[in-house]
Structures are given as C-alpha cells and as structure tokens.
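Engineer: Residue numbers (our numbering): 330 to 752. Note that CB positions come from ideal geometry on N, CA and C, so glycine has one too. Input: one structure, supplied below.
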C-alpha cells in the first residue's frame, strides 16, 4: 500500500460553517421560539397533506423522527408542534447578512458561499488578528447566536474536503458544534466511514460500483490500487483515491463561478397532467423562461433538450431528448417548436408529473446568424428583448401567453414563489 507524504500538500486553516436546520431555525426565531428545543416543521405548502417537509427543528427530528423529505401527513397531530410555510425571502436576507458577518473575519476572496446555509472560510491569513482556527470558529458561532439567535456548527481542517467531512461526521454530533481534523486524523476518523455514500462526493451509483469491486469503506478505497480505479472511473477514480486519503487541491479563491454552459429549468407539477394539450401549455411557459435567461446573458443556443418525467402510476419513467439546430436561437417560439417536435416523436400520452427544458451549445447573441429564409426572424428576436424589458420593469406576470390563464398554466402561481417556495 502506498503512503501519502502530506508535507507535499496544502495545509491551510479552512472552516466549513453550517447553520443548523436553517429554515426551521429562522422560522422558530421569527415566532419567538428556541430553535434547539421547539418542535417546528417548515412545509412547502401547509394546505396540501402530501406536501414535503423542507426543514425540521433538531428537537422534532429527535423526538418525532420527522426530517427533511418527510410528508405533512406524517407529522403527528400534537399541540406543541408548529407547522409553517417557508419564508424564502426572509431566509435569503438572513443568509446575506451572515455573509456580511463572515466578511468581518475574512475578505471575500477567502470565502466561498457553498449554499444558502453553508460557507467555507480560509482563516490562514487572519490568525494573528483573531486567534487559532478553533477560537475563530467559536467567535463566529457566538456572533451568529447573539445577533441572529441561530445555532451553527463548524468543521476545521487543512482543506475544504476534510473541513466538510469533519463538519458532517463529527462537529454536528458534538455538544459544542465545533471540531478540528488534521491529516493525522484521516486513518482513524475517515477510513472507518461506511457506507461509502456518507463520504462527501460519493453518490449511490458510484457506491454501488465500488461495492461490486469489493470496496465498502473509505479505508478500502484508500488501499485500492490507484491504476485500477483510474482504469474503471478515469479522472474520477484519481479523485476518489486521493479524497480517501484526505487530499483536496481546491482553492477557495479559485472557486469562481464557472462559465455558463447551459440554461435549464425543471418543474415538478402540482398534479398529474393527463392531457397533451396541458403538457404543451407548461412547455411553452418554460420555453419562455429559458429563452429569457439566454437573452439576459446575450446568448443563443444550438441544442435544445426536452425531458418528461411520468407519474408513479406509469410503468415508464419518462424520456430526455435533445436536438441540435442549424441556426442558434433565443426566440421563444423557435425553442417551443423544437420541443413540440421532440414531444411528438417521443411522447406516448403517458401521465406527466415533471418537465425539464434546457438550452446548450451556446454562442454569443451578437454573433447569432439569422435564417435568411425567414424574413421576420430579426423582428421576432427584437420582440423578445422588448417583452423582457417590460417584464423586468413591471414583473414577470406583466405579459403572459393566454394559455397561462388556463388551469394548466403554472406561471402565475410560480411567480409568487422564491426558489420554488413561498416568499
């Protein structure tokens, strides 16, 4: 078995900070409750019994076994349990304020906001100002508690991977909510992890493949021959091997948003759609959305993809198909026409519950070639930008297709949501 020389790899002081049950904790504070002791569930839509639980307070998880992904009807009818709708705009505002709080300790260049409730901070360069990494973590944790009334946890390690693993595997389980790992902890604390899906970055499919190779723990993965992993998985095999040894070369200051390579939208419908005419209504609305996003970025697409997911009552799961066209476009009706062609070729009148559309193979709109055989193409392109300007000024529902006012339309309802949930 190879032995890793850790002196050759980065050894920084990285904090991975996570807000405990963020949505539930924010809602609890808004109601004047203690986030750690109250019983509270944030549900996507309290009016629908089948609605999913977006977040549950720690006490609700522990005492009633209700967690994220549970359904409203699974929550016991108990006088002490608070069930609330999400307040996404408030959650986003609080997340923004938390980012400002982090910025008191590190510059933005040493900060990566990983999600609405999780962030990485590189405190290597500010230890002389604020103390040891553990002291800095406690200072930030206390500031968050004092100013927002919210609980938080932190994992500390030499790189982003180990900081995240330290957070998930140890810090969240401690009373203080703060733990620190070094490279010396990899063999004792990381290699024993099983099943492999508990390892950050390993999904169920990769886990299943690794299991078929006789790899069931992170230690097994670290001891497996590197060349065989690379032969099986390619570049991913190299990453899996070094991650098992706790090696991660990612840098916070280089974790910039990647160049946009596609514009996509996916929507789980509020009910089963049994009629093709209803499916077409939603497809048109979604074509409008992705086309606007492309126009906002001054991009046009050569490849258009349509996917349908069928209801659970169907034997088939659905389909995902793409088509590359001769002339790149960001015109809504051009995109819609391609989607209708894909629908006609692949849809067999199944019951639909999910629809996805994406644009890829992008080019700059300024370089977009217009089809000379369609005289009104230029006008239709400019019309799209005019419609966008009206919607940007007066709201997304200022101009809608007539079909959006039918029972099949979803645009009006979704315009009242933030991040797919109630404001």
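Tell me which residues share the same chain as residue 585 and place their Cβ nearer than 8 Å to its Cβ, disregarding the 5 neighbours each side in the sequence.
Structural biologist: Here residue 585 is taken as the residue at index 256 of the chain shown, counted from 1. Legend: pLDDT at residue 585 = 45, less than 50; position of this residue unreliable, no value from coordinates given.
Engineer: Per DSSP, what kind of secondary structure is residue 595 in: helix, strand or coil?
Structural biologist: For the purposes of this step, residue 595 is taken as the residue at position 266 of the chain shown. Three-state DSSP puts residue 595 in a strand.
Engineer: Between 402, 579 and 682, which has its C-alpha nearest residue 641's C-alpha?
Structural biologist: Locating residue 641 in the chain shown gives position 312, where the first residue counts as 1. Comparing Cα-Cα distances from residue 641 to each of 402, 579 and 682, the minimum goes to 682.
Engineer: Using C-beta distances below 6 Å, list every residue in its chain close to residue 447, excluding the 5 sequence neighbours before and after it, in chain order.
Structural biologist: By 1-based counting over the chain shown, the position of residue 447 is 118. Closer than 6 Å at Cβ, skipping near neighbours: 347.
Engineer: Here's the rule I'm using: 16 or more other beta-carbon atoms within 10 Å means buried, otherwise exposed. How should residue 359 be labelled?
Structural biologist: Within the chain shown, the letter at position 30 stands for residue 359. Residue 359 should be labelled exposed.
Engineer: Using only alpha-carbon positions, find the residue among 714, 498, 380 and 726 that is nearest to residue 415.
Structural biologist: Position 86 of the chain shown holds residue 415. For the residues 714, 498, 380 and 726, the minimum Cα distance to residue 415 belongs to 380.
Engineer: Compare the C-alpha of residue 484 against each of 507, 467 and 490 and name the closest.
Structural biologist: Residue 484 sits at position 155 when you count from the first residue of the chain shown. Per the Cα distances, 507.
Engineer: Touching or not, the segment 567–575 and the segment 429–445, by the rule of three or more beta carbon pairs under 8 Å?
Structural biologist: The answer is no - the segment 429–445 does not touch the segment 567–575, with fewer than three Cβ pairs under 8 Å.
Engineer: Taking only the alpha-carbon atoms, compute the straight-line gap between residue 563 and residue 399 and give it to the nearest angstrom.
Structural biologist: To locate residue 563, count along the chain shown from 1; it is residue 234. To locate residue 399, count along the chain shown from 1; it is residue 70. Rounded to the nearest angstrom, the two C-alpha atoms are 37 Å apart.
Engineer: Specify the secondary structure class of residue 325 as computed by DSSP and reduced to three states.
Structural biologist: There is no way to answer for residue 325, as the model of the chain reaches only from 330 to 752.
Engineer: Does DSSP classify residue 411 as helix, strand or coil?
Structural biologist: Numbered from 1 along the chain shown, position 82 holds the residue referred to as residue 411. Correct three-state label for residue 411: strand.
Engineer: Per DSSP, what are the beta-bridge partners of residue 347 in this structure?
Structural biologist: Numbered from its first residue, the chain shown carries residue 347 at position 18. The partner list for residue 347 (beta bridge, DSSP) reads 447 and 482.
Engineer: By a C-beta neighbour count over all protein chains shown, 10 Å radius and 16 as the cutoff for buried, is residue 505 buried or exposed?
Structural biologist: The residue labelled residue 505 in the question sits at position 176 within the chain shown. With fewer than 16 other Cβ atoms within 10 Å, it is exposed.
Engineer: Please specify which runs of the alpha helix (DSSP H), each continuous and at least 4 residues long, are wholly inside the segment 487–560, giving them in chain order.
Structural biologist: The segment 487–560 contains these whole alpha helix (DSSP H) runs: 489–498, 533–541 and 547–552.
Engineer: For the beta strand (DSSP E) holding residue 647, just list the boundary residues, first then last.
Structural biologist: Counted from its first residue, the chain shown places residue 647 at position 318. 647–658 is the extent of the beta strand (DSSP E) around residue 647.
Engineer: If you reduce the DSSP assignment to three classes, tell me which class residue 721 lands in.
Structural biologist: Translated into the one-based positions of the chain shown, residue 721 becomes position 392. Correct three-state label for residue 721: helix.
Engineer: What number of angstroms, rounded off, separates the C-alpha of residue 756 from the C-alpha of residue 718?
Structural biologist: As shown, the chain starts at 330 and ends at 752. That puts residue 756 outside it, with no answer to give.
Engineer: Could you please give the first and the last residue of the uninterrupted beta strand (DSSP E) stretch that includes residue 686?
Structural biologist: Against the chain shown, residue 686 aligns to sequence position 357. Residue 686 -> beta strand (DSSP E) spans 681–693.
Engineer: Give a yes or no on whether the minimum CB-CB distance between residue 591 and chain C is below 7 Å.
Structural biologist: The structure shown has no chain C; it contains just one protein chain.
Engineer: Is it right to say residue 733 is buried, meaning 16 or more other beta carbons lie within 10 angstroms of its own, or is it exposed?
Structural biologist: Taking the first residue of the chain shown as position 1, residue 733 is located at position 404. Under this definition residue 733 is a buried residue.
Engineer: So is residue 554 buried or exposed if we call it buried at 16+ other beta carbons inside 10 Å?
Structural biologist: Residue mapping note: residue 554 aligns to position 225 of the chain shown, counting from 1. It counts as exposed.
Engineer: Looking only at C-alpha atoms, which of 455, 729, 576 and 516 sits nearest to residue 610?
Structural biologist: Residue numbering aside, residue 610 sits at position 281 when the chain shown is read from its first letter. Checked all of 455, 729, 576 and 516; the closest Cα to residue 610 is 729.
Engineer: Do residue 451 and residue 576 come within 7 Å of each other at the CB atom, strictly closer than that value?
Structural biologist: Against the chain shown, residue 576 aligns to sequence position 247. Against the chain shown, residue 451 aligns to sequence position 122. Not in contact: residue 576 and residue 451 (Cβ atoms no closer than 7 Å).
Engineer: For residue 551, which of 560, 520 and 543 has the nearest alpha-carbon?
Structural biologist: Within the chain shown, the letter at position 222 stands for residue 551. The option with the nearest alpha carbon to residue 551 is 520.
Engineer: Please report the Cβ distance between residue 388 and residue 366, rounded to the nearest whole angstrom; I am assuming they are in contact, meaning their Cβ atoms lie under 8 Å.
Structural biologist: As a working note, residue 388 is residue 59 in the chain shown. As a working note, residue 366 is residue 37 in the chain shown. Confirmed, Cβ separation roughly 5 Å.
Engineer: If contacts are defined as beta-carbon pairs under 8 Å, then residue 294 and residue 687 qualify, I think. What distance do you get, rounded to the angstrom?
Structural biologist: Residue coverage of the chain in this structure runs from 330 to 752, which leaves residue 294 outside it and unanswerable.
Engineer: Does residue 734 come out as helix, strand or coil in the three-state DSSP assignment?
Structural biologist: Counting from 1 along the chain shown, the entry for residue 734 is found at position 405. Looking at residue 734 - three-state DSSP - the assignment turns out to be helix.
Engineer: For residue 544, I'd like the list of residues in its chain whose CB is within less than 8 Å of its CB, leaving aside the five on either flank, ordered along the chain.
Structural biologist: Position 215 of the chain shown holds residue 544. Cβ within range, chain order: 525, 550 and 553.
Engineer: If you draw a straight line from the C-alpha of residue 465 to the C-alpha of residue 523, how long is it?
Structural biologist: Here residue 465 refers to the residue found at position 136 when the chain shown is read from its first residue. Here residue 523 refers to the residue found at position 194 when the chain shown is read from its first residue. Their Cα atoms are separated by approximately 31 Å.
Engineer: DSSP puts residue 440 in a beta bridge; with which residues?
Structural biologist: By one-based count along the chain shown, residue 440 stands at place 111. Answer by DSSP bridge pairing, in chain order: 450.
Engineer: Quick check: residue 486 and residue 492, are their CB atoms within less than 7 Å of each other?
Structural biologist: For the purposes of this step, residue 486 is taken as the residue at position 157 of the chain shown. For the purposes of this step, residue 492 is taken as the residue at position 163 of the chain shown. Yes.
Engineer: According to the Cβ coordinates, are residue 412 and residue 372 closer than 7 Å?
Structural biologist: Working through the chain shown from its first residue, we reach residue 412 at position 83. Working through the chain shown from its first residue, we reach residue 372 at position 43. Their beta carbons are under 7 Å apart, which means residue 412 touches residue 372 by this criterion.
Engineer: Looking at residue 654: is its Cβ nearer than 7 Å to the Cβ of residue 616?
Structural biologist: Along the chain shown, read from residue 1 onward, the residue named residue 654 stands at position 325. Along the chain shown, read from residue 1 onward, the residue named residue 616 stands at position 287. Contact: no.
Engineer: Quick check on residue 400: does DSSP put it in helix, strand or coil?
Structural biologist: By 1-based counting over the chain shown, the position of residue 400 is 71. Correct three-state label for residue 400: strand.
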